[in-house]
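Protein chains in written order, with the numbering used here: chain Z, 37 to 260; chain D, 37 to 260.
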DNA sequence: TTTATATTCTATTAATCATTAGAATGAGCG
DNA sequence: CGCTCATTCTAATGATTAATAGAATATAAA
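Dropping the structure here:
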C-alpha cells in the first residue's frame with residue numbers, strides 16, 4: 037500500500053474520535069457519563085434535549101467506541117468505555133481553558149467569587165479533611181456519589197441540602213464539589229450554605245479531574 | 037443568564053478545540069508541528085497537500101489557538117502554542133488506539149515485526165543507552181533533532197542513513213525512533229539497517245510520547 | 001524592480017451535520 | 001395485552017465542511 041494513503045488511514049481513524057468530541061452536546065454527555073452509568077432518559081433530561089436527539093448523539097459516541105451500552109430491564113444504560121475517555125475530556129477542557137480567551141472569561145465569571153478553591157489547594161485538602169478541619173460534601177445525586185467520590189467526602193445531594201443542612205457542623209468550613217468546573221451544582225450549594233451563614237467554598241475538581249491528577253478515589257466506601 | 041445557555045456556552049468553547057482536532061489533516065499537522073516549528077511550505081509538502089489548503093487548515097488551528105505563527109524572513113513559521121497541545125494529540129491517539137478496532141488492525145500491520153520495541157521497554161532504554169549497550173538513533177530531519185530529542189540519541193536522518201551507516205558500530209544493537217507510532221521513517225530505517233546485516237529495532241515513541249510519559253528530553257545538548 | 005512565500009477572496013462541488021418531527025418498531029415489564 | 005423506554009426510519013431544514021481552483025494581494029528578500 038502507498039505510504040501516503042496508509043497515513044491517511046491512520047489519521048482518519050483518530051479523527052473519528054476527534055469528530056466525536058467536536059460537538060458540545062456530546063462533550064456534555066461524556067462529562068455526565070464520567071460520573072457513572074446513566075439511562076438515555078436521564079441523559080436527555082440532564083441536557084434538556086429530546087430523547088431521540090440524545091439517542092443519535094449516543095450512537096455517534098458508540099460508533100467511536102467512547103461509550104458502551106447495556107440493557108437493564110426497561111432501560112438502556114450508557115457508560116464510558118474506559119477511564120481514558122474521561123481523561124481525554126479533562127485534557128480537552130484544559131487545553132480549551134488554557135488557549136481560548138472566551139472560555140477563560142466565561143469561567144472567570146464563575147470564579148469571580150474569591151472563596152473558590154483553586155486546583156492548588158488539592159494537596160492540602162485530603163489532609164485537612166482527614167483531620168476533620170474541613171467538611172467535604174459531594175452535592176451530586178446519590179447514585180453518582182456511590183459510583184465514586186473523593187476520600188472523606190460525605191454525600192449531600194443539592195436537592196436535599198436545604199432540608200439536611202442541620203447535619204453539617206456550624207463551626208467547620210464546608211468544601212463542596214460536584215462534577216467538575218463546568219458543573220453549577222456546587223455553586224448553588226455554596227450560595228445556599230452562605231445564605232444560612234455557613235463558611236463554604238467550592239472545589240473546582242470533580243472525580244474525573246481528581247483521578248486525572250493521579251489522586252485516590254473512594255468506591256463504595258473503599259479507598260483505592 | 038440562564039443556567040442552560042451558560043452551560044451551552046462552556047461546552048461550545050471546548051467543542052471548538054474538538055472541531056479543530058476532528059480532521060485527519062489537522063491532526064497530522066499537529067503531529068508534525070510537535071517536532072518543532074515549520075513553514076507552511078514544509079507542512080504542505082509533508083502532507084502532500086496544496087499550500088492554500090494547508091494555509092486554511094492552519095488558520096483553523098490558529099483560530100482554536102492550538103498553533104501560533106511568526107514571520108521569519110520570507111517564511112511564516114508555525115508552532116504549537118503549548119506542550120499541552122502535543123499532550124492532547126497523544127491522548128487522542130491513545131484513546132483511538134485503545135477503542136478503535138480498525139486502527140489497531142492497521143497498526144498491527146506495522147507492529148507485525150516482532151523486533152519492535154514496545155512501550156514497556158521505555159524504562160530500561162535510557163539506562164542501556166547510557167551504558168552504551170545499545171545505540172539510539174533519531175532518524176528525523178536534523179532541525180527536528182536539534183529542537184528536542186531523546187537522551188543519548190544521536191542524529192542520523194533517514195536521508196543520510198545509507199551514506200553514513202558506517203558510523204554505527206557493528207557490534208551493538210541499534211534502536212531507531214522518529215516522530216511517533218504513525219511515522220514510518222523509523223520503519224524504513226530498520227529495513228535499511230537489517231538489509232545491511234545490522235541488529236535494529238524500532239522504538240514506537242516520538243518526543244511527544246516520551247514527554248507525555250513524563251520522561252526527560254534533551255534540548256540542544258542540555259538534558260532537562 | 002522581480003521573485004518567492006503566504007494569505008485572501010471568490011466560487012463551486014459534494015458531503016456531512018444538527019435539529020426537529022411524525023410514525024413505526026422492539027424489547028421488556030406487569 | 002397495555003405501558004414505558006429506546007431505537008429506527010423517513011423527511012425536511014439550515015448550516016457547516018473539505019477540497020479545489022483562479023485571481024488578487026501583502027510581505028520581504030535579492
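All C-beta atoms in this analysis are idealised placements derived from N, C-alpha and C, irrespective of residue type, glycine included.
Host alpha helix (DSSP H) of residue i (start-end)
i: residue 174/Z; result: Note, residue 174/Z: premise wrong, no alpha helix (DSSP H); beta strand (DSSP E) at 170–174.
i: residue 112/Z; result: Note, residue 112/Z: premise wrong, no alpha helix (DSSP H); beta strand (DSSP E) at 111–116.
i: residue 134/D; result: 119–135
i: residue 96/Z; result: 87–99
i: residue 160/D; result: 158–166
i: residue 50/D; result: 39–56
i: residue 196/D; result: 194–200
i: residue 84/D; result: Unbroken run through residue 84/D: none, as it is neither H nor E.
Environment of residue i [buried if 16+ CB atoms lie within 10 Å]
i: residue 54/Z; result: buried
i: residue 208/D; result: exposed
i: residue 160/Z; result: exposed
i: residue 241/D; result: buried
i: residue 173/Z; result: buried
i: residue 255/Z; result: exposed
i: residue 189/D; result: buried
i: residue 233/D; result: exposed
i: residue 109/Z; result: exposed
i: residue 263/Z; result: As displayed, chain Z neither begins before 37 nor continues past 260, which places residue 263/Z out of reach and without an answer.
i: residue 179/D; result: exposed
i: residue 236/D; result: buried
i: residue 81/D; result: exposed
i: residue 226/D; result: buried
i: residue 171/D; result: buried
i: residue 250/D; result: exposed
i: residue 231/D; result: exposed
i: residue 73/D; result: buried
i: residue 2/D; result: The structure shown does not extend to residue 2/D, since chain D spans only 37 to 260, so no value can be given for it.
i: residue 195/Z; result: exposed
i: residue 168/Z; result: exposed
Cross-strand partners of residue i (DSSP beta bridge)
i: residue 213/Z; result: 174/Z
i: residue 75/D; result: 113/D
Three-state secondary structure (DSSP) of residue i
i: residue 70/D; result: coil
i: residue 188/D; result: coil
i: residue 260/Z; result: Because residue 260/Z carries a pLDDT of 43, less than 50, the predicted location of this residue cannot be relied on, and the following value inherits that uncertainty. Coil.
i: residue 218/Z; result: coil
i: residue 140/Z; result: helix
i: residue 244/D; result: helix
i: residue 62/Z; result: helix
i: residue 179/D; result: helix
i: residue 145/D; result: helix
i: residue 225/D; result: helix
i: residue 231/D; result: helix
Segment limits, beta strand (DSSP E) that includes residue i
i: residue 107/Z; result: 103–108
i: residue 236/D; result: 236–238
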